[in-house]
Amino acid sequence: MKKNALLLVIGSLIGAVGTYVALNKKEEILKKLSEIEETLKDAQLTEKVKTSISEAIEKLKTLVSKGETLSEEEKAKTLEEVEEKIKKLEEAIESES
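Going by our numbering, the residue at position 84 of the sequence shown is 84; the numbering climbs one at a time, nothing skipped.
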């Protein structure tokens, strides 16, 4: 059950980024990220996993909200930070298995 929920969240995060890059639909992505956060509140996950997911979501929100005003370098840095958060999330999931 936990792994399925985590895979759903990770897939949603990746989907949100992909949607941003492909379609640049700011409001829709922010809404979806908020929905993921609400789902996360009810999920039966450890605090470490929840924290990793929340941090990744916050970085994505920053990227989406400020995407037009960020330089390419700032966008790349934010995406690197998101990737780092996702790696930490994967490590947390593996340690629970």
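Built from N, CA and C at the ideal position, the CB exists for glycine as well.
Remember, it's a predicted structure, so these values are computed and weren't measured experimentally.
Open item on the list: Against chain D, does Thr46 count as a neighbour if the rule is that its beta carbon must be under 8 Å from one of theirs?
Closed with: No chain D appears in the structure shown, which is made up of a single protein chain.
TODO: Compute the Euclidean distance between the alpha carbons of Ile86 and Glu27, then round it to the nearest angstrom.
DONE: As a working note, residue 86 is residue 86 in the sequence shown. As a working note, residue 27 is residue 27 in the sequence shown. Rounded to the nearest angstrom, the two C-alpha atoms are 23 Å apart.
Open item on the list: Could you check whether Leu30 and Lys50 sit closer than 8 Å to each other, using their CB atoms as the reference points?
Closed with: Reading the sequence shown from its first residue, position 50 is the one you call residue 50. Reading the sequence shown from its first residue, position 30 is the one you call residue 30. No, they are not a contact pair.
Open item on the list: Restricting to Cα atoms, I'd like to know which of Leu63, Glu83 and Thr39 is closest to Glu74.
Closed with: As a working note, residue 74 is residue 74 in the sequence shown. It is Leu63 whose Cα lies nearest to the Cα of Glu74.
Open item on the list: Less than 8 Å between the beta carbons of Ala92 and Lys59, yes or no?
Closed with: As a position in the sequence shown, residue 92 is number 92, starting the count at 1. As a position in the sequence shown, residue 59 is number 59, starting the count at 1. No. Outside cutoff.
TODO: List the whole-angstrom C-beta distance separating Val17 from Ile36, where the pair is believed to meet the contact cut-off of C-beta under 8 Å.
DONE: The residue you call residue 17 lines up with position 17 of the sequence shown. The residue you call residue 36 lines up with position 36 of the sequence shown. Between Ile36 and Val17 the Cβ distance is about 12 Å, and since that is not below 8 Å, they are no contact.
Task: Runs of alpha helix (DSSP H) lying entirely within the segment 26-61, each at least 4 residues, in chain order - done: 26-42
Open item on the list: Going by DSSP in three states, Ile12 sits in which element: helix, strand or coil?
Closed with: In the sequence shown, counting from the first residue as 1, residue 12 sits at position 12. Note on identity: in this sequence residue 12 is Ser, with Ile being the wrong assignment. DSSP places Ser12 in helix when its eight states are reduced to three.
Task: Sub-8 Å separation of Ala56 and Ala5 beta-carbons - done: Within the sequence shown, residue 56 is the residue found at index 56, counting from 1. Within the sequence shown, residue 5 is the residue found at index 5, counting from 1. No, Cβ-Cβ distance for Ala56 and Ala5 is not below 8 Å.
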